[in-house]
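Set out below in structure tokens:
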């Protein structure tokens, strides 16, 4: 059974940090590109960061220099380190596993709220 379980969300003040985790099971993790998306209220889901099978990360312009994506293939887990958080980062964050054959798996999401 395929599962992606996000954790690490919560309430943080502007300028603070959070580290999201996404634990995967039920598929061959190291053959999938892993992506983090977010969806703010009233907005469409948007790509935040991605990491390919060789560990190279790419980022949306809005988070470049503040967020870092990484993966641990031994633990089947992808991480999103979020620093210098801003109120506009408030959203539900989702991880997604993407395979070159078109297979996609989504997690259930974790809420991140940045507020004083």
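In the numbering used here, the protein residues as written are 23 to 138. Cβ atoms here follow ideal geometry from the backbone N, Cα and C, with glycine treated the same way.
**Item:** Proximity to residue 37 [Cα-Cα], best of 56, 125, 138 and 107
**Value:** 107
**Asked** Expressed to the nearest angstrom, what Euclidean distance is found between the alpha-carbon atoms of residue 152 and residue 24?
**Response** The requested residue 152 is not part of the displayed model; the chain covers only 23 to 138.
**Item:** Among 123, 96 and 89, nearest to residue 39 - alpha-carbon criterion
**Value:** 89
**Request:** Give the secondary structure of residue 110 by DSSP, where H, G and I count as helix, E and B as strand, and everything else as coil.
**Result:** helix
**Item:** Residue from 138, 121, 109 and 48 whose Cα sits closest to the Cα of residue 62
**Value:** 109
**Message:** What residue range does the beta strand (DSSP E) around residue 28 cover?
**Reply:** 25-29
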